[in-house]
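> Taken in sequence, the protein lines are chains L and S. Under this note's numbering, the first sequence has 111 at position 113, and the numbering climbs by one with no breaks. Numbers given in this note's numbering equal positions in the second sequence, counted from 1, plus 1215. First the structure, then my questions, so here it is.
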Amino acid sequence: MEIKVLKDILSANNRIAEQNRQLLTSKHIIAVNLMSSPGAGKTTLILRVVQTFKDKVRVGVIEGDVSSSIDTKKLSEVGISAIQINTGGDCHLDASMVNSALANLPLNDIDILFIENVGNLICPGGFDLGEHLKVIILSTPEGDDKPYKYPLLFTIADALVVNKIDLLPYVNFDMDSFYHTVKGMNQKAALFAVSGITGEGIEDWGSWIIENLGKVRSVKSEPTKRAEAS
Amino acid sequence: MHEMAITMSMLDLILAEAAKAGAGKVVAVKVVVGEISGVVDRCIQTNFDLMSRGTLAEGAALSFQNVPKQARCRKCAHVFHPANICWACPECQSVEFEIIAGNELYIESIEVE
């Protein structure tokens, strides 16, 4: 006997993600899922945003790495609430990992929650974590051809942040061609060019997140929407 | 590597559907996988063979329907398959388009006894 199923394979993950999103929204927190290759500058850019907006917003971080707590240590040293998830080999975060981490964060003291995904341009793309924004960071030494090679992330991003623009004179990265490519494949994506070292562009990117925080907070507290039936 | 987590979710879903139908055995599973979903059929197959051992789905034949990525041009509405490093509409050369297929990842149906 054949049974029609027609269900998303990740529907169990998506249900937990929806619960996470509702919890975060009810706490007036915007969650930003940061995805990039390893070494693109995710932690450095978080630190820069904290530094630039320290009087305006309170930042919390969920750190995903295969192992170690190097990044959490860096963040905790400057007073940021940070929870480390060590995936122990898994190449991405999933919604239940984030759900456990949320239980250990001071949600009443956070405005922006950065979820720093495991450095990887492929696997994190399929897993909704319950974030409000998906942000892809690409650093200039990686090259401007990455959207063609790893299209999924670039087509689903709400924003693309090009980091390490201070290295542009030394690397082969054509900014115009990159913008042209990603704007073609993803019309909704906001584009930012930043440098974690000089701080250039951080104000623009951070302001965009804060603007979106306003949108999350303006969502009227509707009766809890049931996550899509399994 | 993330195929491990995906296969686990898939197996949970299959076993839940089989239990709902009161089935004694799952003999076949049809899976739909889009070209840009980032999921590799043969990894799913290998993981499934291992993970399904001792369950109702042990030995079930997996078949994959692969969906090519498709884009619709925002200028002339032509539907095309973007390939290699030239993601441009072959009709009007515009590089502005919507991705309309290729992101699928779902179970179409299962065959049970």
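Virtual Cβ for every residue (Gly too), placed ideally from N, Cα, C.
Is it true that the CB of Asn115(L) sits closer than 8 Å to the CB of Gly194(L)?
No. Outside cutoff.
> Let me check one thing: in DSSP terms, what residues is Leu32(L) bridge-paired to?
In DSSP, Leu32(L) forms a bridge with Glu114(L), Val133(L).
> Who are the Cβ neighbours of Ser216(L) in its own chain at under 7 Å, not counting the five residues just before and after it?
Closer than 7 Å at the Cβ level, and outside the excluded window around Ser216(L), lies no residue.
> In this structure, what does DSSP give as the bridge partners for Asn161(L)?
In the DSSP output, where bridge partners are listed per residue, Asn161(L) has Ser137(L).
> With Val1244(S) and Ile1325(S) assumed to form a contact (beta carbons below 8 Å), what rounded beta-carbon distance in angstroms separates them?
Going by Cβ atoms, the distance from Val1244(S) to Ile1325(S) rounds to 5 Å, so yes, they are a contact pair.
> Does any residue of chain S bring its CB to less than 8 Å from the CB of Val3(L)?
Yes, because at least one Cβ of chain S sits closer than 8 Å to the Cβ of Val3(L).
> For Ile1225(S) and chain L, any beta-carbon pair shorter than 8 Å?
The sequence shown places Met at residue 1225(S), rather than the Ile named in the question. Yes, its Cβ sits closer than 8 Å to a Cβ of chain L.
> Any beta-carbon of chain S closer than 8 Å to the one on Pro104(L)?
It does not; no Cβ of chain S falls within 8 Å.
> Any beta carbon of chain L sitting closer than 8 Å to that of Val1310(S)?
With 8 Å as the cut-off, Val1310(S) counts as an interface residue toward chain L.
> Please go through the same chain and pick out, in chain order, the residues whose beta-carbon is closer than 7 Å to the beta-carbon of Lys213(L), but skip the five residues on each side of it.
Here the set comprises nothing.
> Who are the neighbours of Glu1273(S) on chain L, taking C-beta pairs under 9 Å?
Per Cβ cutoff of 9 Å: no residues; Glu1273(S) is ~18 Å from chain L at best.
> Once DSSP output is grouped into helix, strand and coil, what is the label at Lys223(L)?
With a pLDDT of only 49 at Lys223(L), under 50, the local geometry of the prediction cannot be trusted, and the value read off the model is given with reservation. Note: Lys223(L) maps to coil in three-state DSSP.
> Looking at Glu1328(S) and Val1242(S), is the spacing between their C-beta atoms short of 8 Å?
For Val1242(S) and Glu1328(S), yes; Cβs fall inside 8 Å.
> Roughly how far, in whole angstroms, is the beta-carbon of Ala1285(S) from the beta-carbon of Ile1315(S), given that I think they are within contact range, below 8 Å?
In the sequence as presented, Ala is not what sits at residue 1285(S); that position holds Gln. Confirmed, Cβ separation roughly 5 Å.
> Please specify which runs of the alpha helix (DSSP H), each continuous and at least 4 residues long, are wholly inside the region 14 to 89 of chain L, giving them in chain order.
40 to 50, 68 to 75, all fully within the region 14 to 89 of chain L.
> Run through DSSP, which three-state label would Glu209(L) get?
Residue state, collapsed to three classes: helix.
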